[in-house]
Structures are given as C-alpha cells and as structure tokens.
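> Below: one structure in structure tokens.
Protein chains: 2
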Amino acid sequence: MIPSEIHIEQYSAFLSKLPIFKNISKNELGPLFQTMQVHQYHKGDTVIFDADQHANLYLVESGLFKLTKFDQRGDELVLRIVDQNDAISPMHFSPHYDISAEFVKDTTLIYFSKNSINNLIAKNHQFSMNIIQFLAESAQTLMLFAEVLQLKTTREKVGWYLVRAKINNLLEFPHPKRLIAAYLGMAPESFSRALTDLKNDGIFVKNRSIELNNGNELCQYCDAVTGSDCDDFKSNACIHH
Amino acid sequence: MIPSEIHIEQYSAFLSKLPIFKNISKNELGPLFQTMQVHQYHKGDTVIFDADQHANLYLVESGLFKLTKFDQRGDELVLRIVDQNDAISPMHFSPHYDISAEFVKDTTLIYFSKNSINNLIAKNHQFSMNIIQFLAESAQTLMLFAEVLQLKTTREKVGWYLVRAKINNLLEFPHPKRLIAAYLGMAPESFSRALTDLKNDGIFVKNRSIELNNGNELCQYCDAVTGSDCDDFKSNACIHH
DNA sequence: AATAGTAATTGATATACATCAATAAACTTG
DNA sequence: CAAGTTTATTGATGTATATCAATTACTATT
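Here you go:
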C-alpha cells in the first residue's frame, strides 16, 4: 500500500530515528522516504517472507511477529522474534531461501523496494555503513543464538532469556511463554519446569512478572555481548571481570 | 608479518580472484594490497579471534581451521569450518564477542586492518556491495546452520553434509570425521552410527570415499539453497520441484 | 458475569543421543 | 617400517528433554 502524504510525513519522523538511517540528513533521506510502502498484518496471519516476493527492506512500525523455518515434519525453528523498531531484509537473502512470518500481534510494516535501497547505498556512504553494521549485527546475533541453542541446557536458556529481559529494564515477560519456549527451542512444558527450577536460584516468576531475591541472581546466565548493555557491566558484581 | 614485494605480487594475484574483490580494477585494489599482512599458523594452534586483537579482514590463502565457541563446561560449538579462499571478518564483530580458531592444518592467512578495509569501502562502491554481499551470505549461512542443528536428526545432518560434499563434486570426505561430527553438533560415535544407518538408503562410505547405488540417494537430504548449486537443480529428478 | 477457547502447569512415559568402555583401524614420526 | 598416537568403530548404559495425557489458570467475547 502506498501511503498518503500525511502518512509519509508521520512515518518519516518515525523512520529517521531508526539506527539504519542514523547520521543521514533529512535531505538525503527525503527521496527514499517518498518511495515508502506500508502493509498491515493481523494477529494470526502467516506469510512466506521469501526473497522472490519480498525483495524489500522492512521496518517494524508497531506489532510483534516471529520469523520461522519449518521442516517436513512441521517442527519449527524461531530464528527471530521481531518487534517494534526492528528491521528485516529478505532483499539480502538468496532467491532460494524461504522463511515464514507468523504475526503474534497486529503489525504495521513500512518497506522499501530493493531498488530504492540500493539507490541510496550507491549515493550515500553513511547508509552503506549502516547497512553493513546492520548485517554484521544480524550475523553476530545468529552466532550467539546458535550458541544458546546448541550449548545451553533448558534451564540456562531460560536464565539467559530472563537476564536479557532484565537488562532491557523489563521486570515483565515481554512475550507470551509459548513464543519464548519456541524461540529457545524447547517444549512449553520444559519452559515451565525450568521456571520452577530457577526458584532454587532465587528467581521467581509470578504470572508474567520477574521477581529476584537480591537482584543479581540472573548474572550467571549472562553473556558478554548482552552484558555490554548492562549498567553494571564489568563492575565488581559482574561475572565478566 | 609484512610480506616482501615479491610476495605481495604473488598474493595479489590470488586475492584478486576472490569474490570479495570481484569487479574491482587492479588500479583500485593496488593501494589496499600494499597494506596486506600475512600470518602463518600451525596445525594444532589455538588462538582467540576476538574483535579486540583481530579487528581485521582475513583471507585464507591455504589451510584449514574451525571457528568455535566454548562454554564453561568446555563443550564446543563449531560455527564454521574455514577453508582455502574463505573470508572471515572479526572486524565486524562487537568488541565483546570472542571466538576461537583451532587450526586443523598448517594455514596461511592474508589480512588487512579495519582501517585499510574501511578506506576502500569509502572510496569504492563496488567494494561496499561486495562486503554487503559477504555479510548477507554469512547471515544466511548461519540461519541455515541453526536450522540444521535444531531441526534435523543425526542421520539427516550427516545426509545433509554428504549432499553438500557431493554437490561440490567431492566423492571424498573433505574433512576429518571428528571435525564434521563436531560441526554437526554430535558425538563422533553418533556420526559413525549415522553412516552405518545411511547404508539403508544406498549410501556407502568406505574409509573416506562416498559411494552411491544410483547417484540420487542423497537428494532427500538437500536444501534449496545448497541445491541451487547443483547441476540438476529443479530438474525432474530434483526434490525442489 | 458466564461460556468458550487458549495457554500454562503438572505428572507419567518414551526416546534419541550422549557418555563410558573396549577394541580396531588409520595416520605420524623417528 | 615399526612403535606410538590419534581417530574411528562397536556395544552397553544413562539422562535430558520431548511427548502424551489430564488438570488448572487465564483471556476474550457477547
């Protein structure tokens, strides 16, 4: 859907605050923003986000969905939970790489065609750097994610998820439990049992809120990349020296 | 180590054939190549390839090593098997992301500092595009890898590894079995048993050579991204339509 | 507020794969 | 090429977590 002038202005304000457009002047972004398109998805929708039909760059204006791969058996791998302000770029996938999006909440996506994006990359060096930064972060997040899936026990996975929520200053579960369990590659039953288990560490989850005995019980589940966003990173209380 | 003029010339010829320097003229590459450095590693060496000490872009002139993450218990995740002609770029990692390299064979790495690389990115649009392409492929490979680790059974993992070897026209195991087992996230014993299992599909591995009854037994273990490199991709015999 | 529908928990059981142990095969290296 | 060392195989056993089944707790809708 192509938005009206008023919407373009409103969305431009939103977009220009995103990291992917960082340090680029309004003048330079203007022509790109004129080509924006918008799509609404509803809770429960499923679409295949392949490079063939979706060679675009998407920015999440609002909403929540998961990016998943399914195998023949119907088992799923949740590669990413995608939230407000996030970016996803199937335009950079191989034409043979298919991925599904399942919308958990009503979601508004703003997007730009591959051509529009490549035009700005050609014209604007800062934008190239932002794209490079974005892709490098994607790759690093995926390496960390593979590590979590492969090396951590169920309990450690849940602890890791909770410490991330805490570092983002959320004392509440940001996502439904089934979604978190799927993202961590475990059955909802195992997730539930892991939460029970964590009470031994002084970590209590009542309904959706996280309660801690003295506040640093979750640190043992932290990794250095996640920890670098923590207020106490590398302080005495921190496990990362 | 800074190489002599003669070595620079010799390595330049090698480098200019790599995908990351594709479609860039010798003139434009010359100044970059003057800044090349070279390092030899020996079989058995282990180094931490962190962004702190290794903010470079590395090209593998020859050799073989694995990029791994270790956890507290000493369990390892082999994120990548790195071979001749491959590129790795810890310069794009976060300063807090540590990864180890374990050298399986004697290895020669040619590398460029972050500054050298960023200079060429700033000057040369094609090089930006090549870096973007490289990072996009890294991310996609990691998504596929997570899928393999998480969703496939041991037998499917081994089948997947073999079909990749076959598509690369290798009727021989390109890597030692322990290394493959580690890469696929399984114990060497499980790898060995999976190979025995695959005999039921008409897939026989004698010592290091792969022998097939009629040639397409491995197709069932193929994925679309891997398959796109196959001569028979999307033919009647191919599972991808 | 009542009903239906979904999500979460708890318990019992099954299973794929790891681990341990012993042997055999395959490469190093003097 | 022989002795030593690493790698691979085969068998027996253990275990973490999935699956199945039943119950309870939420959430949404009229």
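As you go down the protein sequences, you meet chains R and A in turn.
Under our numbering, the residues of the first sequence are numbered 1 to 241, in order.
Under our numbering, the residues of the second sequence are numbered 1001 to 1241, in order.
C-beta: ideal position from N, C-alpha, C; glycine also.
#1: Which residues of the stretch 123 to 155 of chain R have a Cβ closer than 7 Å to any Cβ of chain A? Give them in chain order.
#2: Check for me: the beta strand (DSSP E) holding I1081(A) runs from which residue to which?
#3: Please classify E189(R) as buried or exposed, where buried requires at least 16 other C-beta atoms within 10 Å of its C-beta.
#4: Please identify the residue among L151(R), I48(R), H175(R) and D106(R) whose C-alpha is closest to the C-alpha of N207(R).
#5: Taking only the alpha-carbon atoms, compute the straight-line gap between T154(R) and Q220(R) and give it to the nearest angstrom.
#6: To which residues does DSSP link Q1037(A) through a beta bridge?
#7: Taking Cβ positions, are V225(R) and Y1097(A) nearer each other than 8 Å?
#8: Going along the chain, which residues of the stretch 183 to 196 of chain R sit with their C-beta nearer than 7 Å to a C-beta in chain A?
#9: Establish whether the CB of Y1011(A) and some CB of chain R are separated by less than 8 Å.
#10: Using alpha carbons as the reference points, say which of P1095(A), D1086(A), S1025(A) and I1121(A) lies closest to T1108(A).
#11: What residue range is occupied by the uninterrupted alpha helix (DSSP H) comprising Y1183(A)?
#12: What's the C-alpha gap between K114(R) and L120(R)?
#13: So, do the stretch 62 to 74 of chain R and the stretch 125 to 143 of chain R have three or more beta carbon pairs nearer to each other than 8 Å?
#14: Answer yes or no: do G202(R) and E217(R) have a C-beta to C-beta separation smaller than 8 Å?
#15: Does the structure place the stretch 1037 to 1054 of chain A close enough to the stretch 1155 to 1166 of chain A that three or more beta carbon pairs sit under 8 Å?
#16: May I ask you to list, following chain order, the residues of the stretch 204 to 236 of chain R that have a beta carbon less than 8 Å from some beta carbon of chain A?
#17: Assuming L171(R) and S209(R) make a contact with CB atoms under 8 Å, what is their CB distance in whole Å?
#18: Are P19(R) and N56(R) close, meaning C-beta to C-beta below 8 Å?
#19: Does the distance from the C-beta atom of A136(R) to that of H1039(A) stay below 8 Å?
#20: Cβ atoms of Q1140(A) and S94(R): under 8 Å apart, would you say?
#21: Three-state secondary structure (DSSP) at L1057(A)?
#22: Going by DSSP, which residues form a beta bridge with T154(R)?
#23: If you follow the beta strand (DSSP E) that E5(R) is part of, which residue opens it and which one closes it?
#24: Do F103(R) and G185(R) come within 8 Å of each other at the CB atom, strictly closer than that value?
#25: Can you pull the chain R residues whose beta carbon is under 7 Å from the beta carbon of F1093(A), in chain order?
#26: With a CB to CB cut of under 6 Å and the five nearest residues on each side skipped, what residues in its chain are close to F1070(A)?
#27: Round the Cβ separation of I8(R) and M36(R) to the nearest angstrom and send it over; I've been treating them as touching at under 8 Å.
#28: Kindly say whether H1096(A), judged by its beta-carbon, lies nearer than 8 Å to any beta-carbon of chain R.
#29: Let me know the secondary structure DSSP gives I1203(A) once reduced to three states.
#30: Interface residues of chain R around K1069(A) at Cβ under 8 Å?
#31: How would you call S971(A), buried or exposed, if buried means at least 16 neighbouring beta carbons within 10 angstroms?
#32: Could you check which residue in T1046(A), A1013(A) and N1168(A) has the C-alpha nearest to that of L1029(A)?
#33: I'd like the span of the alpha helix (DSSP H) that includes A194(R), first residue to last.
#34: Given a cut-off of 8 Å, decide if L1212(A) and V1158(A) are closer than it, judged by their beta-carbon atoms.
#35: Taking the continuous alpha helix (DSSP H) assigned at V225(R), which residues delimit it?
#36: Would you decide whether I1239(A) is buried or exposed? Buried here means 16 or more other CB atoms lie within 10 Å of its CB.
Reading off the structure:
#1: Listed in chain order, the positions of the stretch 123 to 155 of chain R with a beta carbon within less than 7 Å of a beta carbon of chain A are H125, S128, I131, I132, L135, A136, S138, A139, Q140, L142, M143, F145, A146, E147, L149, Q150 and L151.
#2: Here the beta strand (DSSP E) through I1081(A) covers E1076 to V1082.
#3: By the neighbour-count rule (16 or more Cβ atoms within 10 Å), E189(R) is not buried but exposed.
#4: The candidate whose alpha carbon is nearest that of N207(R) is H175(R).
#5: Cα to Cα, T154(R) sits roughly 14 Å from Q220(R).
#6: In the DSSP assignment, the residues bridged to Q1037(A) are Y1111(A).
#7: Yes. Within cutoff.
#8: Among the residues of the stretch 183 to 196 of chain R, those with a Cβ less than 7 Å away from any Cβ of chain A are G185, in the order of the chain.
#9: For Y1011(A), the closest Cβ of chain R is not nearer than 8 Å.
#10: Residue D1086(A) is the option with its Cα nearest to T1108(A).
#11: Counting along the chain, the alpha helix (DSSP H) containing Y1183(A) begins and ends at K1177 to Y1183.
#12: Taking the CA atoms as reference points, K114(R) sits about 10 Å from L120(R).
#13: No, because fewer than three Cβ pairs between the stretch 62 to 74 of chain R and the stretch 125 to 143 of chain R fall closer than 8 Å, the two stretches do not touch.
#14: The answer is yes: Cβ separation under 8 Å.
#15: Contact between the stretch 1155 to 1166 of chain A and the stretch 1037 to 1054 of chain A is absent, with fewer than three C-beta pairs closer than 8 Å.
#16: Listed by position, the residues of the stretch 204 to 236 of chain R near chain A (Cβ gap below 8 Å) are A224, V225, G227 and S228.
#17: Correct: roughly 6 Å between the Cβ atoms.
#18: No, they are not a contact pair.
#19: No.
#20: For S94(R) and Q1140(A), yes; Cβs fall inside 8 Å.
#21: If DSSP states are grouped into helix, strand and coil, L1057(A) belongs with the strands.
#22: Paired residue(s): none; T154(R) is not in a bridge.
#23: That residue, E5(R), is in no beta strand (DSSP E); its alpha helix (DSSP H) goes E5 to L15.
#24: At least 8 Å separates the beta-carbon of G185(R) from that of F103(R).
#25: Here the neighbours are Q140.
#26: For F1070(A), where only same-chain residues beyond five positions count, the Cβ hits under 6 Å are E1076.
#27: By a beta-carbon distance limit of 8 Å, I8(R) contacts M36(R). Their separation comes to about 6 Å.
#28: Chain R contact via Cβ: present.
#29: Assigned with DSSP and collapsed to three states, I1203(A) falls in strand.
#30: Neighbours of K1069(A) across chain R, judged by C-beta separation under 8 Å: M143, E147 and L151.
#31: The first residue shown for chain A is 1001 and the last is 1241, placing residue 971(A) beyond what the model contains.
#32: Looking at T1046(A), A1013(A) and N1168(A), the one whose alpha-carbon comes closest to that of L1029(A) is A1013(A).
#33: Secondary structure note for A194(R): its alpha helix (DSSP H) is the uninterrupted segment P188 to L198.
#34: 8 Å or more divides the Cβ of V1158(A) from the Cβ of L1212(A).
#35: Taken as a continuous stretch (DSSP letters only), the alpha helix (DSSP H) holding V225(R) covers A224 to G227.
#36: Classification of I1239(A): exposed, given that the 10 Å Cβ count is below 16.
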